[in-house]
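Heads up: the structure comes next, in structure tokens.
In our numbering, the protein residues as written are 1 to 173.
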């Protein structure tokens, strides 16, 4: 879901509120170097602006959006077909979300986040990583910023690229 006018503080507040309601959610975070009082600190910040993933039914989310003032800024992400069809709410299958969450949970320089950049239609080998911290993650081998990377995509929402993975750890699927 998108957070309308979502500064980082608002997105984090919504995540905390959903946690207090025991609603399963995921906010991809990333360490970013920031200068604070003349010192450079690695601060944990949302990796993709205005985006939070919520695991619940449409009815539950709609009810929360209309009854909880703290959740008014939430907006559905819509898929807009090109040929005279109604837009539909984007829903991500569990296995894709689990893949994405496993990669996004690594908060260092090995991963790069891309918002609204769709790699799912790129030509590349579909692979599965066979060992290491990304074991069993599935993605597509693509060129990203002049380097070959394994990309995990959530079509129309976001993508995440993993830095160099040895070819010996990749199994074609």
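Glycine residues also receive a C-beta, built at the ideal position from the N, C-alpha and C atoms. Everything numeric in this text was worked out from a predicted model, so none of it was measured.
DSSP three-state assignment for residue i, whether helix, strand or coil
| i | result |
| --- | --- |
| residue 83 | coil |
| residue 2 | strand |
| residue 168 | helix |
| residue 18 | helix |
| residue 41 | strand |
| residue 97 | helix |
| residue 127 | strand |
| residue 70 | helix |
| residue 13 | helix |
| residue 137 | coil |
| residue 33 | strand |
Contacting residues, own chain, Cβ-Cβ under 6 Å from residue i (five flanking each side not counted)
| i | result |
| --- | --- |
| residue 75 | 2 and 4 |
| residue 48 | 28, 113, 115 and 158 |
| residue 87 | 78 and 80 |
Beta-carbon proximity check, residue i vs residue j, cutoff 8 Å
| i | j | result |
| --- | --- | --- |
| residue 23 | residue 70 | no |
| residue 89 | residue 65 | no |
| residue 142 | residue 156 | no |
| residue 160 | residue 111 | yes |
| residue 31 | residue 108 | yes |
| residue 18 | residue 54 | yes |
Residues near residue i by beta carbon distance below 8 Å, same chain, minus five either side
| i | result |
| --- | --- |
| residue 63 | none |
| residue 127 | 138, 139, 140, 141, 150, 170, 171, 172 and 173 |
| residue 40 | 33 and 34 |
Proximal residues to residue i (C-beta, below 7 Å), its chain only, five neighbours per side dropped
| i | result |
| --- | --- |
| residue 10 | 3 and 73 |
| residue 154 | 92, 96 and 100 |
Test: residue i CB closer than 8 Å to a CB of chain B
| i | result |
| --- | --- |
| residue 55 | Going by chain labels, chain B is absent from the structure shown, which holds only one protein chain. |
Residue(s) in a DSSP beta bridge with residue i
| i | result |
| --- | --- |
| residue 153 | 159 |
| residue 143 | 148 |
| residue 53 | 26 |
| residue 89 | 78 |
Residue nearest to residue i in terms of C-alpha spacing, selected from the options
| i | options | result |
| --- | --- | --- |
| residue 95 | 152, 146, 143 and 85 | 152 |
| residue 97 | 85, 45, 25 and 32 | 25 |
| residue 106 | 126, 46 and 148 | 46 |
| residue 148 | 162, 21 and 102 | 162 |
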